[in-house]
Each structure stands twice: as structure tokens, then as C-alpha cells.
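Number of protein chains: 4
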Amino acid sequence: MCNTGKTKIIDAARTIISEHGIQGATIRGIAEEAGVSTGAIYHYYSSKEAILYDVMDDGLSEMKRISTISTEQKKKFETLIQEIFDSMQERFQKDAESRLQFYLAHEAILGNEELKHKFKDKYKDWIDRLEIIFVQAYHIEPGPLTKAVAAWTLAGIDGMVLQILLETNTVNLTHINQILDYLLNEGFTHFFQIIGNE
Amino acid sequence: MCNTGKTKIIDAARTIISEHGIQGATIRGIAEEAGVSTGAIYHYYSSKEAILYDVMDDGLSEMKRISTISTEQKKKFETLIQEIFDSMQERFQKDAESRLQFYLAHEAILGNEELKHKFKDKYKDWIDRLEIIFVQAYHIEPGPLTKAVAAWTLAGIDGMVLQILLETNTVNLTHINQILDYLLNEGFTHFFQIIGNE
Amino acid sequence: MCNTGKTKIIDAARTIISEHGIQGATIRGIAEEAGVSTGAIYHYYSSKEAILYDVMDDGLSEMKRISTISTEQKKKFETLIQEIFDSMQERFQKDAESRLQFYLAHEAILGNEELKHKFKDKYKDWIDRLEIIFVQAYHIEPGPLTKAVAAWTLAGIDGMVLQILLETNTVNLTHINQILDYLLNEGFTHFFQIIGNE
Amino acid sequence: MCNTGKTKIIDAARTIISEHGIQGATIRGIAEEAGVSTGAIYHYYSSKEAILYDVMDDGLSEMKRISTISTEQKKKFETLIQEIFDSMQERFQKDAESRLQFYLAHEAILGNEELKHKFKDKYKDWIDRLEIIFVQAYHIEPGPLTKAVAAWTLAGIDGMVLQILLETNTVNLTHINQILDYLLNEGFTHFFQIIGNE
DNA sequence: TATGAATGAGAGTTCATTCAT
DNA sequence: AATGAATGAACTCTCATTCAT
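Residue numbers (our numbering), protein chains in the order written: chain F, 6 to 203; chain S, 6 to 203; chain X, 6 to 203; chain P, 6 to 203.
The following block contains the structure:
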């Protein structure tokens, strides 16, 4: 793994942001973390904003989430459900990554239109993928409601990650997962049956 | 409503933060918005941090959410469900407030332990209240799973608010509400039946 | 003479510029010379450029030159000539002021359009005034050639000031003044006679 | 003309200075203009100052002005006068060169003693040459006053070039030239007659 | 010779905080 | 109570200069 140039700076910037937030990320701090001089930063990036932009770009690109679940080959229902479940469990674990995502979302909400646009693209992609998986798993026809279910599913995961990051610890993870398990195995099946009959 | 002293400053600070974020909130800006001098600020608050603290404190206090739904008197199922539904719709509308909440969450995640603790208390309170409403509405016994459902419900709302703030516009609000409607009227009923039988 | 606020800063800036040039004029240097902190500068001026602008504006305003010679009342030929002569002698003396003027001209030539415009206005004013004085002194009709003579006269003075600032010391000031004396007393008379006869 | 090494750098530096001024001349910019790397510059020059010095040195060397007028062979009055006139017209045209000269003068005035010394030599040379031409053309004896007239003539040209660079446009070039024509053909003749009779 | 990444001092600017009035 | 001028540390960014390659 070559840690040269931009990579070194982006990695340092990501570390600093994770530790001190975007407000606390200074060029000097990033340079120090990267082990280079402040001036060196400007060989690779024309401004601090450009650095943050790349950090965000990288950060969002790495938000694979359910996108790693292949929908190419036909899989058994149990396999698909297990993969979704595992994918969500993984998100609950990745603290640093989730932290960065909330920073980015915060920035986007604050008015960074470019970032907002990227988030829009990402969410569309995630929701589309999740819908395809649902279609495969539950043998249903895609439509506005399947998309809405996907959106709610992602929303639930995001909200749960927020509670985890905030360390609310109100509910035990075991019970949290039981609900998730029910939803994937029976809840959605039940829902799509009812929808199908209408 | 007397707009003197601290109140005036906190209101100004909240406005500034909503518009420019915490990074963009300067003492000068807050003073200007409040219509006082920078020096005057320091008669009421010893530091900028103290102001932000109060803004956060107020902000969290005002996060009423489902807490406005009374559980004192016995209500019909339909009435309770409608009240929950309306309460969530309301959250989807309150842009400025949601924005501030995300700023606060962001700050808490960043390492503000006191704020984190307040969030913990808040979520516990919300989840407890939601659980009581569920117990009333679905005629079930409270337990870890009812709490988990409440936690997931809040998580879903938070995540959906995030998508709204990010203006992802992936799914139409009508369909979003259809899912919510199903969950409250049939989904949870179905779930608690299954849980009850186990 | 109240040396408060802007005045103090402008005076300091003028001093620094005279000593170190515009390149050598730093905010820190100006602040030190003015006896205030760097931050204080920004109470009065929003940028370094704004300071330089005011220095230039002041500098150009103070370039009274022949504009102090009143043309209101009728004066004897000898009086007028003597006043012009004295006015020019004065310019030869004012080292610091002339120095600043050349800095400003240099900046204008470099591409500062606003400054260029100011110079244009100033030169127009000076030339017009000098023409009026010539008309009074030599009893002639104003016209393009009288304006041209005025322009050449100013040009000569500017060029001579340049030689003085460069300390070329090629010619003794006494002889320089003898030529000036001839021009004012006989040269121009002779010229306007010839022009008049054409 | 070999454009290697120092020449290439000096040419680039002169171009940059003409376009952006001395303040705007950076090593990077010069290197780019010269088509070499920043490091390569330091093979030829030990510092930026050294480059600027050579630019100035070259710039002053190229200030030929009236020095191109040969005084070797006897010429007719009309020929000499025409040559002086043409030489001055040429100066009015050479914008870039004049621009550079003012930068140099500016630097010298700012305190560059070496440059000041060079200017002194140059002006002495120009004035001496002009005096010789005057002596030839007007059949007079050289003396302090002939030198003073030469100094004033140069001063006038310098001042007029300044007005041209500043784009004051107060007076039409045609009328400017009419005055010059009068001076060379009749003015100086008249002056030297009067001086001679005293 | 030649490159260009790297250095680091210093530039303009911001802003929480203080304090004489 | 209230003002706002003043402070100064810390920020982003620039650029002459160096040096391993």
C-alpha cells in the first residue's frame, strides 16, 4: 500500500476529522498528522476545501453498505436475507466511518450543495439496490411502494446508527436484532402479501 | 413573552446556527442578530461555549416529539394511532428544528459528553413514552421487545428526517406515509401477535 | 491634531510605504508603526487593499501643486509668474510626497484601473488650472495648444522631480531654475506670440 | 540569438515583470514562462534578487534613447532636429520598455543604491549626448546652461511618457508634437540667442 | 544539468475575549 | 448595564529556497 502524495494527506485529514471534527481540522494539524509541512499540502491540493472535498468523496465512495450484495446470480431466500442482515450488522460496527458520514450529512444540510447532490445520488443508488434485493427475495413486482420500503429500511438503519453513535444504550443490541430479524423474515413478507392483495 | 437578556441571545444564536451552522456562528453575528453589542453578550454568558451549551440545552428541551401525546386517559385505538401518525408528520415538516437537532447530535458525536448524556436521557424518555403508547394501543405487555420496536420506530423517523433534510427526494412522501400507515395499523399488530405467541 | 482611528493607520501606512515601498508594507508593520494591534486595523479597514486605497486617495488629494494658485482676482504678470515659479520650487523640495506619487503612478501603470482613473482626473484638473493661469498671464486665448503647453510644463516638472528623486545630480539646481525662469518670463511669451501670428 | 540559460530566464523575468509588476513576479512564474523548472533557475542565479538585478541591468542598458543619434559626422540642422524628433516619438511608442523603466526607477527611488547609481550614470550619459547634439545643431558653446536645457528636455520626455502610460489622454498627441516641433526648431534657437547675448 | 516535491517563515485575515468608558 | 475599540493567537495560504533523485 503506497502512502504517497494525496493518499497520505487524505488519510491524515480523515483521521483528524474523525478525532476533532471538521471545525477542528486545520491544515497544520493535517500536515502534522501526514508527516509533511504545511506547504507540501498545497502541492497536492489548492485549498483546504479541496482536501475536505476529496475526504468526502472518498468517504461517500466507501459507503458500500448493501451495494456489496451481489444481485447477479439467483440466490436462496435465506442466503439473501442473511446477507442483508450481515450488511446491516457491519454498519452498526463501523464507528469511524459512520461518524464521518454524519459529519458529511451535517455539512450537506448546512448548505454544501455539491455534497448534497452526492448524497442524493448515493441514496438513490442504495435504495434502488435494496429494492432489487427485495424483489428477488420476496418475489414481488417493483413499484413505488417497494422503493418506499427500501427508503424506510435505510432510514431505520441510519437512525439506529445515530442512536449507537450517541451511545443512548436504551435498548440491547440483541433485541434490536430480533426486530430486524423479524422484519426481514416475516414482516416484509407479510407486508408485500397485503400490498399484493390490494 | 419577555425577550430580554439570555432569551434574546439564545434565540439569536439558534437562528444563526440554523442558518450558518455552528462553525459559522460568531459572537459578532449573534450579537448583531440579537441587536446588542458584543460586549453585552458577556454580561449574560461567560463564553461562547456557554451560549452554545444553552442553545443545545434549549434545543433538546424543545424536542417534544411524541411526548405531546397524552397517555393519561384511555383512548380508542384509532385515536392513538392517528395521534402518533400526526406527530411524525409534524416532525417531517419542522425543518429548522430538525436541522438544529442534527447539529446537536453532530456535536455530541464529536465528543461533547454532556450533550451526549442529554441525548441519552431524551432518547430514553421518548422510547419509554412510545412504548407506553404501544402498550395502550396494541394491548400488549411491556418488555424488551416493545422497547426495541419503539427504538426502531424513532430510528426510522430520524433516518427519514435525514433523507428529507438532504433533499434526496428518492421516494414520494405519499408512499412514505403509506408504509407508516401500514406499520401503525397492521404491521405492529401483526408483529405483537407473533411475539405474543412465542 | 487628533490622531485617532483611520488617521493614525493611514499616517502609519504612508510612513511605512515611504520607507519600504508598497511591497514592504505589511499589516503587521503598519500596525506596529501606528502603535496598535493587527486586529485593530480591521476595525477601520476591511482589507489591506482598502488601506492602500485610502493612502493613495489622500496622497493624490494632497497633490495640490499649482491648484493653490488663485485665479479669482486679477493679478500682475510678475505676481502670477512668481507664484508658478514658487509652486514648482516647492514640488522640488517635497521629497516624501513625490516619492509616494511615483509609487502611486507605478501602481496605476501596473494595472490599478481605479487609481489610473484618479490620475487622469488629477492631470486634467492640473492642466486646466495651469492653462487658465497661462491665459491670464500671457493674455492669450485658450485652445488646444495652450493645453498642450500646460501638459508639457507638468511633464517637465514630473520628469525633473524624477531626476531629483533618482539623485542624478547631473545639473545644478541653479541652472535648472534659470531655464525655468526664462521659460516663464520670455519663452512662453515668445511662443504664444508666434502661435498667435499663425 | 541563442536563447539558452540566463538569457531565457532574463527574458521571461522581463515579460513577467512587464505584465504583473515586480510584486507579481514569482520564481515559479518566471520558471514557467522560461519553460524550465524552478530548480533549474538556481543553476543560473543564486537568488531571486540576482535575477531582478540582471533584469534591471539589461533594462537600463537597453535604454538607448537619444544615444542612437550619431554625432560623429557633421549633419545639417534639419537632419539633426528630425533625428531628435524621431527619437522622442519612438519613446512615446515603446510602452513595454517605458513600463519597465518606471519599475526600475521606482525600485531605485525605493532605496536600491546600486540601481540609483546606474540611473545616475545613464542620465549623465544621455544629457551629455543631448548637449553635444544641441551644440552641433544650434552652433553654441557647451556650458552649464546647455546641460540644463538637455536635462529639462529629458525631463519633459520622461514626464510625457508618464502621462502616456497613465493614459491621462488630456491632450492630443498632435498638439503635443506641435510644441515639440516648435521647441526644436525655434524655441531652443531663440533661447540660445538670448543666452548668448547676455 | 535538470527536476519538482518539500520546507517553513511570514503574509493577510478572523474572532473570542477584554476593558476603559 | 451596555458599548465597541482593541487585543493577539491562530487560521489559510504563498513563495523563495533546498535537495534527493
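The beta carbon of each residue, even a glycine, is placed where N, CA and C say it ideally should be.
Predicted, not measured: the structure shown is a model, and the values here were computed from it.
Practice prompt. Would you kindly check if the distance between the Cβ of Leu159 (chain P) and the Cβ of Leu120 (chain P) is under 9 Å?
Written response: no
Discussion item. Using C-beta distances below 6 Å, list every residue in its chain close to Phe139 (chain S), excluding the 5 sequence neighbours before and after it, in chain order.
Written reply: Thr151
Worksheet item: To the nearest angstrom, how far is it from the Cα of Met6 (chain P) to the Cα of Thr12 (chain X)?
Response: Confidence in Met6 (chain P) is poor, its pLDDT being 43 and thus under 50, which makes the residue's placement unreliable; the coordinate value appears in the next sentence. Going by the C-alpha atoms only, they are around 55 Å apart.
Worksheet item: So, do the region 85-103 of chain X and the region 156-175 of chain X have three or more beta carbon pairs nearer to each other than 8 Å?
Response: yes
Fill in: 9 Å Cβ cutoff, Met61 (chain F) in contact with chain S
no
Worksheet item: What in chain F is Cβ-close to Lys152 (chain S), meaning under 8 Å?
Response: Thr175, Val176 and His180
Worksheet item: Hey, does Glu54 (chain X) have any beta-carbon neighbour from chain P nearer than 9 Å?
Response: Residue contact with chain P for Glu54 (chain X): absent (no Cβ-Cβ distance below 9 Å to any residue of chain P).
Fill in: Nearest-angstrom Cβ-Cβ length linking Ile184 (chain S) and Ala153 (chain F), presumed shorter than 8 Å
5 Å
Worksheet item: What is the C-beta distance between His180 (chain P) and Pro147 (chain X), in whole angstroms, given that I count them as a contact (C-beta under 8 Å)?
Response: In this structure His180 (chain P) is not in contact with Pro147 (chain X), their Cβ atoms being roughly 13 Å apart against a cut-off of 8 Å.
Item to complete: State the Cα-Cα distance for the pair Tyr187 (chain P) and Phe197 (chain P), rounded to the nearest angstrom.
Response: Spanning the two alpha carbons is a distance of roughly 14 Å.
Worksheet item: Does the pairing of the region 84-94 of chain S with the region 26-44 of chain S give three or more beta-carbon distances under 8 Å?
Response: No contact exists between the region 84-94 of chain S and the region 26-44 of chain S.
Fill in: DSSP three-state assignment for Glu172 (chain S), whether helix, strand or coil
In the structure shown, Glu172 (chain S) adopts coil according to DSSP, grouped into three states.
Discussion item. Taking 8 Å as the limit between beta carbons, can you name the residues of its chain near Gly26 (chain S), skipping five residues before and five after?
Written reply: Tyr108
Discussion item. Assuming contact is defined by CB atoms lying nearer than 9 Å, are Ile199 (chain X) and Glu95 (chain P) in contact in what I supplied?
Written reply: no
Worksheet item: Which value, in whole angstroms, describes the spacing of the CA atoms of Phe193 (chain X) and Lys99 (chain X)?
Response: 26 Å
Worksheet item: Using the beta-carbon of each residue, which ones in chain F are nearer than 7 Å to Arg104 (chain S)?
Response: Ile114
Discussion item. Please classify Lys79 (chain S) as buried or exposed, where buried requires at least 16 other C-beta atoms within 10 Å of its C-beta.
Written reply: exposed
Item to complete: Compare the C-beta of Asp163 (chain S) with all C-beta atoms of chain F and state if any pair is closer than 9 Å.
Response: yes
Discussion item. Could you check whether the Cβ of Glu1 (chain S) sits closer than 9 Å to any Cβ belonging to chain F?
Written reply: Look at the range of chain S in this structure, 6 to 203, and you will see that residue 1 (chain S) is not part of it.
Discussion item. With a threshold of 9 Å between beta carbons, is Tyr187 (chain P) in contact with chain X?
Written reply: yes
Fill in: Local Cβ density within 10 Å of Asn117 (chain X), reported as buried at 16 or more and exposed below that
buried
Fill in: Opening and closing residue of the alpha helix (DSSP H) in which Tyr50 (chain X) lies
Run containing Tyr50 (chain X): none; DSSP gives neither H nor E here.
Item to complete: State the start and end residues of the unbroken alpha helix (DSSP H) segment that holds Thr31 (chain F).
Response: It is not in any alpha helix (DSSP H) - Thr31 (chain F) carries neither H nor E in the DSSP assignment.
Worksheet entry | Whole-Å CB distance - Trp157 (chain P) paired with Met165 (chain X), under 8 Å assumed | 7 Å
Discussion item. Going by DSSP, what residue range makes up the alpha helix (DSSP H) through Ile15 (chain X)?
Written reply: Lys11 to His25
Item to complete: Kindly list the residues whose CB is nearer than 7 Å to the CB of Ala155 (chain X), restricted to its own chain and excluding five residues on each side of it in sequence; keep chain order.
Response: The answer, listed in chain order, is Ile132, Leu135, Glu136 and Phe139.
Practice prompt. Measure how close the beta-carbons of Tyr50 (chain F) and Ile21 (chain F) come, nearest whole angstrom, since I'm counting them as under 8 Å.
Written response: Not a contact, Cβ separation roughly 14 Å.
Practice prompt. Might you give, ordered along the chain, the residues of its own chain that have their beta carbon closer than 7 Å to the beta carbon of Asn174 (chain F), omitting 5 neighbours on each side?
Written response: none
Worksheet item: Beta carbon of Phe97 (chain F), beta carbon of Leu178 (chain F): below 9 Å?
Response: yes
Item to complete: Determine whether the Cβ of Thr9 (chain F) lies closer than 9 Å to any Cβ atom of chain S.
Response: no
Discussion item. Counting C-beta neighbours from all protein chains within 10 Å, is the total for Glu112 (chain F) 16 or more, i.e. buried, or is it exposed?
Written reply: buried
Item to complete: With a threshold of 16 other CB atoms inside 10 Å of the CB of Arg33 (chain P), please say whether the residue is buried or exposed.
Response: exposed
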